[in-house]
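*Asks:* In the numbering used here, the protein residues as written are 120 to 342. Even for Gly, the Cβ is constructed at its ideal location relative to N, Cα and C. Sending over a structure as structure tokens; questions will come in a sec.
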Amino acid sequence: MMTSGFITALRRDLLLAARHKSEWLTALFFFVMVTNLLPLGVGPDAALLRKIAPGVLWIGALLSTLLGLQRLFASDYADGTLEQMALSPTSLSWLVAGKMFTHWLVCGLPVVLMAPLLGVQFDLPSRSLGLLTLSLLLGTPILSAVGSVGAALTLGVRSSGALLSLLILPLYIPALIFGAGAVEADLAGISPQGHLSLLGALLLVSVFFSPWITAVALRIALE
């Protein structure tokens, strides 16, 4: 019953994402543009590009993921679907988990797949490109999980977009530090294992607790 709710929410949101391609394509285009424009402004210094590459790519991924968060529950809240989810016999936490996973598939996974291609223009070695991909693979689900909590807390609030950014961006800092730090450590000849371990721990904690916290926040918003 619980997993069926997860699958139902996943299928529904994937279908909606397929019908509204412009929403997730905008986030991906934003990521590509941010990471492409910065090397043009910095210049052709290969050493400098390698140094800033992890932070630039991670910040681009963070901001592009943030673009889709405001719409995560807004449409369901507006048309009453969210109330039906809350009243259904299926656990709201599992339904929320399905929506969170869909958000990652639509906004996070394309970023992970594009990052190695964009990292080439920063003159990153192949090992660092692999670590960059791995760090984003571990880190982008954290962005979706933590972001869903912020989207639920700001649901129905006027100027929710600005409030969501102010609320969520500080919570993204640990993932940004450990994700970019893993690649920076590798470039410096240091083992990135510690950064990846901490990033994995953040992933487990956020994936475990975020659906439950988000469900509680949604019920409060519906009252």
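How do the stretch 244–251 and the stretch 269–285 stand: do at least 3 beta-carbon pairs fall below 8 Å, yes or no?
*Replies:* no
*Asks:* Does T209 come out as helix, strand or coil in the three-state DSSP assignment?
*Replies:* coil
*Asks:* Report the option in S316, L237 and R190 whose CA atom is closest to the CA atom of P158.
*Replies:* L237
*Asks:* Of all the options V225, S325, I296 and L322, which has the alpha carbon lying nearest to the alpha carbon of P311?
*Replies:* Of the candidates V225, S325, I296 and L322, the one whose C-alpha sits nearest the C-alpha of P311 is I296.
*Asks:* Which class does R84 belong to by DSSP, given the choice of helix, strand or coil?
*Replies:* This structure gives no information on residue 84, because the portion of the chain shown stretches from 120 to 342.
*Asks:* Taking L341 as the reference, give the member of V239, T200 and L315 with the closest Cα.
*Replies:* Of the candidates V239, T200 and L315, the one whose C-alpha sits nearest the C-alpha of L341 is T200.
*Asks:* With a cut-off of 8 Å on the beta carbons, I'd call A270 and F192 a contact; round off their distance for me.
*Replies:* 6 Å
*Asks:* Could you check whether W213 and P260 sit closer than 7 Å to each other, using their CB atoms as the reference points?
*Replies:* no
*Asks:* Determine the contact status of G217 and L129, defining contact as a CB-CB distance below 7 Å.
*Replies:* yes
*Asks:* Which residues in the same chain have their Cβ closer than 6 Å to the Cβ of V215, if we skip the five residues on either side of it in sequence?
*Replies:* P330, T333 and A334
*Asks:* Around the Cβ of T122, are there at least 16 other Cβ atoms within 10 angstroms (buried) or fewer (exposed)?
*Replies:* exposed
*Asks:* Give the single residue among A165, G319 and L144 whose Cα lies nearest to the Cα of Q240.
*Replies:* A165
*Asks:* For F125, count neighbouring Cβ atoms within 10 angstroms of its own Cβ and tell me buried if that reaches 16, exposed if not.
*Replies:* buried
*Asks:* Between R130 and chain D, is the shortest Cβ-Cβ distance under 7 Å, so that the two count as touching?
*Replies:* Considering every chain present, this structure includes no chain D. It has just one protein chain.
*Asks:* With a Cβ-Cβ cutoff of 7 Å, do P226 and A136 count as a contact?
*Replies:* It should be noted that the sequence gives Cys, not Pro, for residue 226. C226 is not a Cβ neighbour of A136, given a cutoff of 7 Å.
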